[in-house]
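Sequence order for the protein chains is A and B. When you read off a place in the first sequence, starting at 1, and then add 179, the result is the number in the working numbering. When you read off a place in the second sequence, starting at 1, and then add 179, the result is the number in the working numbering. Just so you know, even glycine gets a beta-carbon here, dropped at the ideal spot from N, CA and C. As the structure is a prediction and not an experimental result, all values here were calculated from the model. Everything below concerns the one structure shown next.
There are 2 protein chains.
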Amino acid sequence: MEHDSTGKRGDLRARLDRMFFPGSVAVVGASDVPGKWGNLILTSIIGWRYQGKVFPVNPGKESILGLKAYPSVLDIPGDVDLAVFAIPARLIPDGLRDCIRKGISAAVVISSGFKEAGAEGKALEEEIVEIARQGGMTFIGPNTMGIASAHHFFEAIPTPTEIHPGGLAIVSQSGNLGLQILKWTAHKDIGLNIYAGTGNEALLTAGDLLQYLGQRDDVTSVAMYLEGLADGREFLETARTITRKKPVIVLKAGRSKTGSISAQSHTGSLAGSYAAYCAMFKQAGIIQVRTPTELLNVAAAMTHLPVPRSNRLGIMTMGGGWGIVAADECEDSGLVLPELTGEIISRLDGLLPDYWNRRNPVDVVGEGDADMYLQIIEALARWEEVDAVIPLGIVGRSGYLEDFIACQENIDGKLYSRELKLAALKGQIQSENRILSGIGRLQKETGKPIVAVSLTDTGLSLIDTGHGKVISLSSPEQAVTIIAHMARYGRYLRDKWD
Amino acid sequence: MEHDSTGKRGDLRARLDRMFFPGSVAVVGASDVPGKWGNLILTSIIGWRYQGKVFPVNPGKESILGLKAYPSVLDIPGDVDLAVFAIPARLIPDGLRDCIRKGISAAVVISSGFKEAGAEGKALEEEIVEIARQGGMTFIGPNTMGIASAHHFFEAIPTPTEIHPGGLAIVSQSGNLGLQILKWTAHKDIGLNIYAGTGNEALLTAGDLLQYLGQRDDVTSVAMYLEGLADGREFLETARTITRKKPVIVLKAGRSKTGSISAQSHTGSLAGSYAAYCAMFKQAGIIQVRTPTELLNVAAAMTHLPVPRSNRLGIMTMGGGWGIVAADECEDSGLVLPELTGEIISRLDGLLPDYWNRRNPVDVVGEGDADMYLQIIEALARWEEVDAVIPLGIVGRSGYLEDFIACQENIDGKLYSRELKLAALKGQIQSENRILSGIGRLQKETGKPIVAVSLTDTGLSLIDTGHGKVISLSSPEQAVTIIAHMARYGRYLRDKWD
């Protein structure tokens, strides 16, 4: 491949900046028929707060969604930074030629019906690559579900979502899976920077995207769903540089025989040996996860929490069971639970009842208040023998209290006033907020991640504490998995990758 | 142990029926001080729809929560089936003696401060066991967070929850973890039969509870959190009989060194070798899971879905990525994805576009409607080469549409009327309901579980379809894990446990 002739090197940064942060965009195949791709994409672009110019292109229409429409990109007055294509595959060659004539140097080809659809599509894909190359143009796709850049309020995807701008970039070789992760990111308020569905990667590859994201300082972490890489060696070189600056988390699909065959037929990529990929990722300092949920959880933590120096964990538990489940998971995932030594024991002796277990996990047994919990968390976080802390079961109790009050309401005579109950609930919520805020402060002061495990059934939650974000999960093993991945990265940064 | 003298054998069923379905209950240590255990437990018992008589016992009070209070159980007029104790440990011996005098044959000892609290507590625990034995009484605990029976609307726990009665029984050696699972069960509407926190198991053990649950025909599945077993051999014998009739799912904690030590110190139980437990569980036909989330998910599926005959899975996917992630997980968890053969290929040829992948997972590519999806699911479910089906990505799209409409609303000119948007949303919801209802019907007709994977981030959902319940998960690997566990059980029932 002659990268330079397609602008993939050299001015990659400038070209992709124009793609993800366009000042003006043409939507080729824009439509006012609800449900059509050209309608979904145009709605997505103009429905949020995108400030650039938008030009619907459709030869049969005067205006679409209230915007003046043009028969061709050639009819658009002024410059256009990006063209998004939602027209049948066979019309793409001419569409690209028009772009080149118009001086549009970047495109997103949403249209499917290329390599993934058989021999004819494959030939068509080769043709559009050639056209782009000859014309000095670049494009992402075909067969992609689009791109987004949250800080630019630019979403060219079929499933627009109100996204909070942030530091996480997502690159996905699967549109459906990528957009699902994007939705979760939005709903969990993780904070997105860039989303890129790479589709068939006829021209721009996941590796190119990674290189670009490495160059953008506002991208603080990268999450990738990969099926296969066209150029593993190049990807490795790129990743190696970037992982020193920011975490790259990869879900590599196709580790099974069936999965690997499916991956090949899906985007037509060569899946390669899974073991070889694992070795490569390890060498490149990439954090490798196994499931979409893990990808989201680890990406959220990596985006908002400090990286632990190593793999030593302190656990505080509100009840034995959770502590044991967490300890089991630690051993499986390579975390170590240091035994409590004289100094930390004496500190905790001053806080806990006589018969406390004097072990890690520290069981806080029976009752206690927010201040006591926080003091224990602080003692653990400041203990030099641990690199991260998990407090189990102290957050999320307000949900329990809500249920309790619902039960109490049914008792004849209404013995406690509504005010009293609401005051109790308010007190509980305030106390939890005090703990969360304390965790945020301690995280900042000690540079150690503190991942809370709540009692609710909501999975990952991200809480803004005023001292940075705090993460809570709904089950101990999820918190342990996150810390384990972060610890591996922390050791890698210190050249101790294991 | 002389089980008979404590009524653990022989009349176990009658005694435990009185414990879980009491006609009358005394709450010893009842309190009107919010937050006290005696207040939490009494509120929990009387706040829902429990129809039995409730007698608060507290020598200092005339009435508590609107009920007449008694100085001692001896002062209660008429028979009492069950006493629940929430008084300091040192007062339990006299409390039990009073029960025996009164003819109360069953108790729940919530109070802590026994074996788990050191040597003195251990002696006290031995004392109360001796008292119960001598008096022909039985009790659960001490150091338990209580029990519940949903069909009897009886909850004697500190965290009352509105529970839908059903077939699942939960037995937990950890109060906190057990009540968390109970809450999830309630919130996810899985349907509960009995909850039992076994605490220190001074007298009644998890094995006794399992035996009891085996005898109750209305209990259709059992989920257990175990740390250690006092009598492994006996438990094995009990389980072996029961698993032939109903599934028993166990999360055995303490598989790590630290976890195993913590388990010992937690409820004072001997944890034993984890490998030995695994071998025993396998021999007994017990389904063993690794995490609390898995325990809940598998229990929900086992309670509501048919058991597959074996481990052959058909997958339909809306997009390649999900299918590959699911296929990867299949290989790891022992499921097989049979290759499509001539007959099923021709059936699907009639439904899908020319270039469909002709593989399992079946990629439905691009667009389609509810009827088409249902026809594909039906083709897979009726195919004799598979025992279970997972449709990926066809449920949960209404959430996407809601987001889309929110975006659409922002467009100047409001081109589409609110009515049109609501009609679209309604149509989408109806179409999903039609699919879910079809899945329910097919599940019933074919006897094969069909576990949907949705696009939302809510984890497990249970949907009532009018043809029985359908389960949906939010990530492919979760669905695969559930089916894999069910398949192992199905093979066990056919003497093919692997």
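{"Query": "Am I right that T377 (chain B) and I319 (chain B) are in contact with their C-beta atoms under 8 Å? What's the rounded C-beta distance?", "Result": "6 Å"}
{"Query": "Kindly say whether F293 (chain B), judged by its beta-carbon, lies nearer than 8 Å to any beta-carbon of chain A.", "Result": "no"}
{"Query": "Just checking: is the beta-carbon of T688 (chain B) within a distance shorter than 8 Å of some beta-carbon in chain A?", "Result": "Because chain B is modelled from 180 through 677, residue 688 (chain B) falls outside the range shown and cannot be assessed."}
{"Query": "Mind checking whether H664 (chain B) and I466 (chain B) have CB atoms under 8 Å apart?", "Result": "yes"}
{"Query": "Taking C-beta pairs closer than 7 Å, name the residues in chain B that R673 (chain A) reaches, listed in chain order.", "Result": "By Cβ distance, chain B contributes nothing, its closest Cβ being about 25 Å from R673 (chain A), past 7 Å."}
{"Query": "A458 (chain B) CB to nearest chain A CB: under 8 Å?", "Result": "no"}
{"Query": "Can you tell which of A:R491, A:L371, A:L516, A:D277 has the C-alpha that lies nearest to the C-alpha of G438 (chain B)?", "Result": "A:L516"}
{"Query": "For a test of the three-state rule: what should DSSP assign to I465 (chain A), helix, strand or coil?", "Result": "coil"}
{"Query": "Can you list, in chain order, the residues of the stretch 224-240 of chain A whose Cβ is nearer than 7 Å to any Cβ on chain B?", "Result": "I225, G226, W227"}
{"Query": "Give me the Cα-Cα distance between V632 (chain A) and L621 (chain B), rounded to the nearest whole angstrom.", "Result": "39 Å"}
{"Query": "Does any CB atom of chain A fall closer than 8 Å to the CB of V263 (chain B)?", "Result": "no"}
{"Query": "Do the stretch 206-220 of chain B and the stretch 242-252 of chain B meet, that is, are 3 or more Cβ pairs less than 8 Å apart?", "Result": "yes"}
{"Query": "Beta carbon of L275 (chain A), beta carbon of I243 (chain A): below 8 Å?", "Result": "no"}
{"Query": "Would you say K461 (chain A) reaches chain B, if we count a Cβ-Cβ gap shorter than 8 Å as a contact?", "Result": "no"}
{"Query": "Does F332 (chain B) come within less than 8 Å of chain A when only Cβ atoms are used?", "Result": "no"}
{"Query": "Alpha carbon to alpha carbon, how far is C278 (chain A) from E304 (chain A)? Give it in angstroms, no decimals.", "Result": "17 Å"}
{"Query": "Using a Cβ distance threshold of 8 Å, determine whether the stretch 657-672 of chain B contacts the stretch 459-476 of chain B, with at least three qualifying pairs required.", "Result": "yes"}
{"Query": "T185 (chain A): buried (16+ other C-beta within 10 angstroms of its C-beta) or exposed?", "Result": "The predicted model places T185 (chain A) with a pLDDT of 47, which falls under 50 and marks its position as unreliable; any figure quoted below should be read in that light. T185 (chain A) is buried by the Cβ-count criterion."}
{"Query": "What are the partner residues of F333 (chain B), as DSSP defines its beta bridges?", "Result": "B:S328"}
{"Query": "Could you compute how far the alpha carbon of F199 (chain B) sits from the alpha carbon of A585 (chain A)?", "Result": "23 Å"}
{"Query": "Buried or exposed for L392 (chain A), going by 16 or more other Cβ atoms inside 10 Å?", "Result": "buried"}
{"Query": "Residues in the stretch 376-406 of chain A with C-beta within 9 Å of chain B's C-beta atoms, listed in sequence order?", "Result": "Y404, E406"}
{"Query": "Kindly indicate if chain B contains any beta-carbon less than 8 Å away from that of R538 (chain A).", "Result": "yes"}
{"Query": "Do we get a CB-CB distance below 8 Å when we pair K436 (chain B) with the residues of chain A?", "Result": "yes"}
{"Query": "Relative to the C-alpha of K362 (chain A), which candidate in B:G578, B:Q352, B:I369 has its C-alpha closest?", "Result": "B:G578"}
{"Query": "Which whole-angstrom value is the C-beta distance of H343 (chain B) and A365 (chain B), which I expect to be below 8 Å?", "Result": "7 Å"}
{"Query": "Do the CB positions of L475 (chain A) and I360 (chain A) come within less than 8 Å of each other?", "Result": "yes"}
{"Query": "I'd like the span of the beta strand (DSSP E) that includes A375 (chain B), first residue to last.", "Result": "371-376"}
{"Query": "So who's on the other strand from P235 (chain A), going by DSSP bridges?", "Result": "A:V206"}
{"Query": "Please determine, among B:E522, B:M551, B:D550, the residue with the shortest C-alpha to C-alpha distance to R537 (chain B).", "Result": "B:E522"}
{"Query": "Residues in its own chain within less than 8 Å of R419 (chain B) by CB, not counting five upstream and five downstream?", "Result": "Q462, A463, G464"}
{"Query": "Rounded to a whole number of angstroms, what is the C-alpha to C-alpha distance between E611 (chain A) and M551 (chain A)?", "Result": "12 Å"}
{"Query": "What residues from chain A crowd round I363 (chain B), counting only those whose CB sits closer than 8 Å?", "Result": "It should be pointed out that residue 363 (chain B) corresponds to Trp in this sequence rather than to Ile. Within 8 Å Cβ-Cβ: D636."}
{"Query": "Which residues of chain A have a Cβ atom closer than 8 Å to the Cβ of F318 (chain B), listed in chain order?", "Result": "The contacting residues do not exist; F318 (chain B) stays about 21 Å from chain A at best."}
{"Query": "Give me whichever residues DSSP pairs with R312 (chain B) in a beta bridge.", "Result": "Partner(s): none; R312 (chain B) has no beta bridge."}
{"Query": "Tell me which same chain residues have a C-beta within less than 6 Å of the C-beta of L408 (chain A), skipping the five on either side of it?", "Result": "F414"}
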